[in-house]
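*Asks:* Pasting in a structure now, in structure tokens, and then I'll have a few things to ask.
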């Protein structure tokens, strides 16, 4: 544990060590069952989790209470329940309580069913995973059981192509030296193979099922944690202790590749496994407008209470004054006082005005969300015909938030790229070959070539000139170039029938070997110290004298071989930056190759330089002796070997350069450019290496050549300056509130503030930022000790200072790339940006390693890709291609935001315009809570009379077409800035509604006070009908003016509203209905009497004109004043997607687009012979490791099912 200072009570800069309290005993379930741990109050559960997982939110017992609890987090639902409770009191009730309960129940049921359907999908996914078959050692033999039956301490047998069901210690495998090859695409996004190796002792001793059954080793290791790339522990067996690290562990979610059988001891199961520790909880997502609506409901409710209180107080005073003035009516008020009247009137007004927040708005809301989701599902522009995958809106309540995204967090592999490496071009001896050079062969590569019968996998690289030159075999440089491609690599080869199957540590390695094969230099076989290739049909075997392994510092690999004639040559391939400085001379060819590298880099191809030299016998003999001595050193072995490698790799002759394309998904660069023009920032979060991530950044135009790249050293300096600057203040956080990060930048970088910037950081660096703040090197440890102290003592503002500084710096950059990040770190980055920038975020990915990020972001998008459906199952929206994101956001997202905002604006307007007249009527009715309108008008106003036009706006409104939305992505900024619905817009809408209600009420009152028209029309009912008609027509006129996109449906909706008003007025005000139920139908013939009087019609027309003229005036003014600014925002210009950075040639600085993404260690495996098999012994050597398929097996699905 870290040392603790008793005086300060804070941790020092040391990192806290994990507790090694996790004990696993092989084949001993009873031992693990006895341990319990507390998890809530006095409740306990098993310390060692079972392997069954549960990602669903509800079960049959918890669905109802949990779902209702979640739904009543919406303030509107609480408000409606409050109103229903008031309606249960007969003294103040205006409507039977069940008439309000029914629509609320419908609303809760609709939302509940939606949540239930989503959760059923999660239950189905859990069942599928938990029911996968696997072989578990039971007694003395292996039996097929389910994943959910696995327990900690069990020994599991895995077969080729099956998924690893739990975090396991590799015990042995069918490969030489118990190697095991795994693909970790679901964990870090990489599809290249990684090797794991069992301990020598378990490899040698566990050779039969009996020995497995008697294995009683004890593993002591760290408690379950989320650190994907680290593991520390020990194995105790037969009195000996062996150290364990991550190279011995198979993680849940990995896929077994190129290994027939392997055996593992389960260390962490189920939710204790590292991948599940990285999967966040399912969070209920609410949109920005949803949260604002909750606050508005509270504000409106408070205003309603205050209004009701004022009117109630006024009614008390009015009652007292009326009783004093009219004492002869005292018998009527014998049993009530003015205070009692005021009390009852308060609740009467509260119920009367409660429809200002109508329940119908929320039901219509859900319908609009649902239909807009269908529009996404039905969009043929987002349908991927190749795999028959349409877009799918899995969540129906987040559509408007698609129009407010400011940050996109994207995975790389499978999301931006196809993870297919393709050999595109090469430069040999001053000549460029490949696609785009004008010499492409129209015939498929390899057709008619005698050497190509070894494989069917052809490249899309074909150049007739290069094929002819290779066949002529007259150019020694070309010969050496192709020979290098066939010899200098760590690829394994396997014969399947008459086919050669290459297994490479990285896809780019495979692409190079395939290129050599298609040009006549075929890699055939390798042993521990030889490599056999076919050169234009002639088989040649080279002796491998040494393999100088790749690592990320060397950025190159070499092989020292002796050809059949006895000549020793060194072949080297690596990054241009390291190869060019080790050349013997720099001539015209070298200069041309550098120019070719520039050109390849501009085309965002991944480049390698190839070089060789001849080594004399004397030089090799002397070097070999020192190499043997260095390889057996106990201290500084790696450093001494690197020195020897450096010494050998000098005075090289440049052969040429290769260019490999890491294929992007279709339309990725265009999409990123469009999103950038829409003011959306794209961050790439990947588990891949930095070089690969950078190359993809350039390829998809996220990074450009004119950008200043900030790496970890520069970021540390900037953060230190920020810390020092803020720490010199009083500590009140003043700088955080008032100053921007740019004010704290050091002088060195201040002059470049106008430059475009990008940040590239690693997972280790982020881990220090997100957890301990230890960013700087040890020599600057005082800063981080201080930060640790601040955190330990609870100073949250100071503790999050560096976090905020990093987020400020990152968000000020045009691009951010985070490489080697774990799934949990991806989620933490998203959380940091949400926390400190208060912005709407979107995460997009395709694998299980992206699930946590997808859950954490405001919007999660899953790509239906190669890595299974985990991301899609946890996402809000599912797409087949990254490029469809532009249409999802810029078209559907922007339209949905526009429609919802217009819907809310208009709904509030029509509610205030129609119903605020109740308040004005109170001033003329003795402040009693008598309704102004007929009860049926109040009931049908929001359901039939005004609902349909606003529904058509919510479903179909467009300001510009889809084509224009994509042509002018700048329009998207409106949603980011909340321009269409905010507190200011709500205030204006409120004033507009109040003014409409005032005009409708007081124009009618003025008319009715003065005269009664040609008929005897001057009664209360006629007055109510006049005000109602004036308000309704004014509201309909407003939406006619406000609708920009007219369709047949829009016209029909407005017409239907008027027809329904006439129809229901006739039905509810008929004499027959009055005779049947006079208390319910209490306005007999009111509309017919009033609206057949020309004078009343003129009053209605006057109200309509008075209410419409201000709206027309404002629209005309806005059109005149905003015309110029709109033209500035959406200027007529060249095609808006600019794909190539127009940087002057002289200012271009070549970057190293290094095409080498595999890890170090493979050369050692080959030279030791660990990874090589001797022919015919693969299945015969160990019966345990290659078991015969039992009859029971054939009836069960394969482990990878």
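Residue numbers (the numbering used here): 35 to 1235.
Where is the CB? At the ideal position from N, CA and C, for every residue including glycine.
Model, not experiment: these values are computed from the prediction.
#1: To which residues of the same chain is residue 431 closer than 6 angstroms at the C-beta, ignoring the five residues directly before and after it?
#2: So, do the stretch 931 to 939 and the stretch 982 to 995 have three or more beta carbon pairs nearer to each other than 8 angstroms?
#3: Cα separation between residue 388 and residue 1042?
#4: Considering Cα atoms alone, identify which of 439, 1105, 613, 101 is closest to residue 874.
#5: With residue 113 as the anchor, note down where its alpha helix (DSSP H) starts and where it stops.
#6: Can you list, in chain order, the residues of its chain with a C-beta nearer than 7 angstroms to that of residue 378? Leave out the 5 residues immediately preceding and following it.
#7: Residues in its own chain within less than 6 angstroms of residue 544 by CB, not counting five upstream and five downstream?
#8: Would residue 622 be called buried (16 or more neighbouring beta carbons within 10 Å of its own) or exposed?
#9: So what's residue 371 in DSSP terms, helix, strand or just coil?
#10: So is residue 422 buried or exposed if we call it buried at 16+ other beta carbons inside 10 Å?
#11: What is the rounded straight-line gap between the Cα of residue 67 and the Cα of residue 267?
#12: Assign residue 69 to buried or exposed, taking buried as 16 or more other Cβ atoms, counted over all protein chains shown, within 10 Å of its Cβ.
#13: Could you check whether residue 853 and residue 733 sit closer than 7 angstroms to each other, using their CB atoms as the reference points?
#14: If you reduce the DSSP assignment to three classes, tell me which class residue 82 lands in.
#15: Would you call the CB atoms of residue 845 and residue 871 closer than 7 angstroms?
#16: Below 8 angstroms CB to CB, which residues in the same chain sit around residue 665 once its five sequence neighbours on both sides are set aside?
#17: From the DSSP output, which residues share a beta bridge with residue 912?
#18: Nearest to residue 690 by CA position, among 699, 624, 648, is which residue?
#19: Does the stretch 946 to 964 come within contact of the stretch 446 to 453, defined as at least 3 CB pairs closer than 8 angstroms?
#20: Counting pairs of Cβ atoms below 8 angstroms between the stretch 234 to 245 and the stretch 200 to 213, do you hit three or more?
#21: Does residue 772 pass the burial test, meaning 16 or more other C-beta atoms within 10 Å, or should it be called exposed?
#22: Please classify residue 289 as buried or exposed, where buried requires at least 16 neighbouring CB atoms within 10 angstroms.
#23: Using a Cβ-based criterion (distance less than 6 angstroms to any ligand heavy atom), does residue 173 qualify as near the ligand PLP?
#24: Which residue's Cα is closest to the Cα of residue 552: 531, 1115, 516?
#25: Does residue 943 pass the burial test, meaning 16 or more other C-beta atoms within 10 Å, or should it be called exposed?
#26: According to DSSP, residue 227 sits in a beta bridge with which residue or residues?
#27: Which word fits residue 216, buried or exposed, when buried means at least 16 other C-beta atoms lie within 10 angstroms of its C-beta?
#28: Quick one: is residue 437 buried, meaning 16 or more other Cβ sit within 10 Å of its Cβ, or exposed?
#29: What distance in whole Å lies between the Cβ atoms of residue 1066 and residue 13, which are believed to be in contact at a cut-off of 8 angstroms?
#30: Could you give the DSSP three-state label for residue 140: helix, strand or coil?
#31: Just how far apart, CA to CA, sit residue 297 and residue 238?
#32: For residue 1212, which residues of its own chain have a beta-carbon under 6 angstroms away from its beta-carbon, when the five flanking residues on both sides are left out?
#33: From 738, 334, 194, 599, pick the residue whose C-alpha is nearest to that of residue 848; which is it?
#34: Taking the alpha carbon of residue 252 as the reference point, which residue from 80, 277, 1030 has its own alpha carbon closest?
#35: If contact is defined by three or more beta carbon pairs under 8 angstroms, each pair taking one atom from either stretch, is the stretch 254 to 263 in contact with the stretch 855 to 862?
#36: If residue 391 sits next to residue 334, beta carbons under 8 angstroms apart, how far is it from one beta carbon to the other, in whole angstroms?
*Replies:* In short, the structure shows the following:
#1: The count along the chain shown starts at 1 and reaches residue 431 at position 397. The answer, listed in chain order, is 403.
#2: yes
#3: Against the chain shown, residue 388 aligns to sequence position 354. Against the chain shown, residue 1042 aligns to sequence position 1008. If I take the Cα positions, the gap works out to 28 angstroms.
#4: Taking the first residue of the chain shown as 1, we reach residue 874 at position 840. Measuring from the Cα of residue 874, the nearest candidate turns out to be 439.
#5: To locate residue 113, count along the chain shown from 1; it is residue 79. First-last of the alpha helix (DSSP H) with residue 113: 109 to 121.
#6: Here residue 378 is taken as the residue at index 344 of the chain shown, counted from 1. 125, 126.
#7: Translated into positions along the chain shown, residue 544 becomes position 510. Once the five neighbours on either side are set aside, the close Cβ partners of residue 544 are 536, 538.
#8: On the chain shown, residue 622 is found 588 positions in, with the first residue counted as 1. Counting Cβ neighbours within 10 Å, residue 622 comes out exposed, since fewer than 16 surround it.
#9: By 1-based counting over the chain shown, the position of residue 371 is 337. It is coil, neither helix nor strand.
#10: The count along the chain shown starts at 1 and reaches residue 422 at position 388. Residue 422 should be labelled exposed.
#11: For this step, residue 67 is matched to residue 33 along the chain shown. For this step, residue 267 is matched to residue 233 along the chain shown. About 21 angstroms.
#12: The residue you call residue 69 lines up with position 35 of the chain shown. Exposed.
#13: Taking the first residue of the chain shown as position 1, residue 733 is located at position 699. Taking the first residue of the chain shown as position 1, residue 853 is located at position 819. Their beta carbons are not under 7 angstroms apart, which means residue 733 does not touch residue 853 by this criterion.
#14: If you number the chain shown from 1, residue 82 lands on position 48. Looking at residue 82 - three-state DSSP - the assignment turns out to be coil, as it is neither helix nor strand.
#15: Start at 1 with the first residue of the chain shown, and residue 845 comes out as number 811. Start at 1 with the first residue of the chain shown, and residue 871 comes out as number 837. Going by C-beta atoms, residue 845 is nearer than 7 angstroms to residue 871.
#16: For this step, residue 665 is matched to residue 631 along the chain shown. Around residue 665: 671, 675.
#17: Translated into positions along the chain shown, residue 912 becomes position 878. In the DSSP output, where bridge partners are listed per residue, residue 912 has 426, 896.
#18: Taking the chain shown and counting its residues from 1, one reaches residue 690 at position 656. Taking only the C-alpha atoms, the option nearest residue 690 is 624.
#19: no
#20: yes
#21: By one-based count along the chain shown, residue 772 stands at place 738. A caution first: residue 772 carries a pLDDT of 39, below 50, which makes its placement in the model too unreliable to give a value.
#22: Position 255 of the chain shown, counting from 1, holds the residue named residue 289. Answer is buried; the Cβ neighbour count reaches 16.
#23: Among the components modelled here there is no ligand, and therefore nothing to report on the ligand PLP.
#24: By one-based count along the chain shown, residue 552 stands at place 518. When each option's Cα is compared against that of residue 552, the closest is 516.
#25: As a first step, residue 943 must be located in the chain shown, where it is residue number 909. So residue 943 counts as buried.
#26: Residue 227 sits at position 193 when you count from the first residue of the chain shown. According to DSSP, which records beta bridges pairwise, residue 227 is partnered with 217.
#27: Position 182 of the chain shown holds residue 216. Under this definition residue 216 is a buried residue.
#28: Your numbering for residue 437 matches position 403 in the chain shown. Residue 437 should be labelled buried.
#29: This structure leaves residue 13 out entirely; the chain is present only between 35 and 1235.
#30: Locating residue 140 in the chain shown gives position 106, where the first residue counts as 1. Note: residue 140 maps to helix in three-state DSSP.
#31: As a first step, residue 297 must be located in the chain shown, where it is residue number 263. As a first step, residue 238 must be located in the chain shown, where it is residue number 204. C-alpha separation (whole angstroms): 13 angstroms.
#32: Here the question's residue 1212 lines up with position 1178 in the chain shown. Because the pLDDT at residue 1212 is just 41, under 50, the model does not fix this residue reliably, and the value given afterwards should be weighed accordingly. If we look at residue 1212 and ignore the five residues flanking it on each side, it has no Cβ neighbours.
#33: As a position in the chain shown, residue 848 is number 814, starting the count at 1. Nearest of 738, 334, 194, 599 to residue 848, Cα basis: 738.
#34: Numbered from 1 along the chain shown, position 218 holds the residue referred to as residue 252. Of the listed residues, the one whose Cα sits closest to residue 252 is 277.
#35: yes
#36: Against the chain shown, residue 391 aligns to sequence position 357. Against the chain shown, residue 334 aligns to sequence position 300. That pair is a contact at about 6 angstroms.
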